[in-house]
Each structure stands twice: as C-alpha cells, then as structure tokens.
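Single-structure report; data block below.
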Amino acid sequence: MHRRQLVTAALAAILLTGCGGGEGSDNSEEAKKGARTAVESYVDALNSRDADHLIRVGGVPDDARARREAAQILADKGGRGLSITEVRIDLDMGPDTGSAKLTAKENSGKTTRDAFSVVRTHGTWHLVVFTDRPVPSGKPTSSTE
Numbered sequence: 016m017h018r019r020q021l022v023t024a025a026l027a028a029i030l031l032t033g034c035g036g037g038e039g040s041d042n043s044e045e046a047k048k049g050a051r052t053a054v055e056s057y058v059d060a061l062n063s064r065d066a067d068h069l070i071r072v073g074g075v076p077d078d079a080r081a082r083r084e085a086a087q088i089l090a091d092k093g094g095r096g097l098s099i100t101e102v103r104i105d106l107d108m109g110p111d112t113g114s115a116k117l118t119a120k121e122n123s124g125k126t127t128r129d130a131f132s133v134v135r136t137h138g139t140w141h142l143v144v145f146t147d148r149p150v151p152s153g154k155p156t157s158s159t160e
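Numbering (my numbering), first residue to last: 16 to 160.
Printed below as a string of structure tokens:
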C-alpha cells in the first residue's frame, strides 16, 4: 500500500508541474502583447509628432518638464514615417518590467533601431523614454562613493 501512495504522489506532482507551466506562459504572452502595443503607440506618436500621445505612452505627468522633453524627442525622432519591422519584448526584470527593442524603417529607407525599458503601472504599459524626471522627495539618490 505504501508503494501505491508513493506512485500516486509522484503522478500528482508531474501533473501539477505540467499544468503550472502553461499558465505562466499565457500571462507572459499577454504581457508581451501589452508591451508591444505601447511600442506601437510610441511609433504612432513619433510619426504624428503628437506630444500628448508621447506623454501618455511615457506614463509621466503632463507638466512643463514633460512638454519640453517631448518636444525634444519629437524634434530628434519625429515625423520620419516609421514602419515597424521588428519588436522584441523581454520581460527580463519581472512580469511588469522588461526591455523592448524596436527596429523600424524610415520613409527614406533607412533602418533605425531603438531600445527602452517597458513598465506596467496600474495595468497599463509605458515606455521609459522620459529621463528628465525629479527624484521623489524624501527618497535618497544613488551614490558612486
């Protein structure tokens, strides 16, 4: 009888392992689709030179600092008629944080590449494209000492 219990326990463990693997990959694929949608929105914002759209994709508050940086991003990268040729999403820092690599072709035929972090906040994916953000008060800054 002891042998039968051991075989039953082993079979249960195998079945649970098999079931658990599929569930995680579905969530991962859904998350990657959400992150890809954020990359597509970024490209749309660049192509249309839309600062409001870019600020939403970046997930930053709509303030003077964000407006200045959005204007600079659009001046540098906007209006090129980008068409996406490849997007690679890696959720390499957890289920809500990862990296995105974008390859796109400009109207001129030139290939352009970009890479950024992707972050899901309150269920919405954003690209980290805004760098001029203040440190929250009371939070210590990093040091290299």
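In this text, a Cβ means the ideal position worked out from N, Cα and C, and glycines have one as well. Computed from a predicted model, the values in this text were never measured in an experiment.
| query | result |
| --- | --- |
| Helix, strand or coil for Leu-117? Go by DSSP, reduced to three states. | strand |
| When burial is assigned at 16 or more other CB atoms within 10 Å of the CB, is Glu-84 buried or exposed? | buried |
| Confirm, please, whether the CB-CB distance from Ile-88 to Glu-55 is below 9 Å. | no |
| Looking at the secondary structure, which residues open and close the alpha helix (DSSP H) in which His-137 lies? | Looking at the DSSP string, His-137 is not in any alpha helix (DSSP H), and its letter there is neither H nor E. |
| Whole angstroms are fine: how far does the CA of His-141 sit from the CA of Arg-71? | 8 Å |
| The beta strand (DSSP E) with Ser-98 in it runs from where to where? | 98-105 |
| Counting C-beta neighbours from all protein chains within 10 Å, is the total for Ala-60 16 or more, i.e. buried, or is it exposed? | buried |
| How many angstroms separate the CA atom of Pro-110 from the CA atom of Asn-42? | 8 Å |
| Ends of the alpha helix (DSSP H) at Asn-62? | 17-63 |
| Considering only the beta carbon of each residue, do Leu-117 and Val-75 sit closer than 9 Å? | no |
| Quick one: what's got a C-beta closer than 7 Å to Ala-164's C-beta in the same chain, skipping five residues either side? | In the structure as shown, the chain begins at 16 and stops at 160. Residue 164 is therefore absent and cannot be evaluated. |
| Are Ala-119 and Val-133 closer than 9 Å when you measure CB to CB? | no |
| Determine the DSSP secondary structure at Arg-128, reduced to helix, strand or coil. | strand |
| Compare the C-alpha of Lys-48 against each of Asn-62, Ile-104, Ala-90 and name the closest. | Ile-104 |
| Whole-angstrom Cβ separation of Glu-121 and Leu-106, contact assumed at under 8 Å? | About 28 Å separates the two Cβ atoms, so there is no contact after all. |
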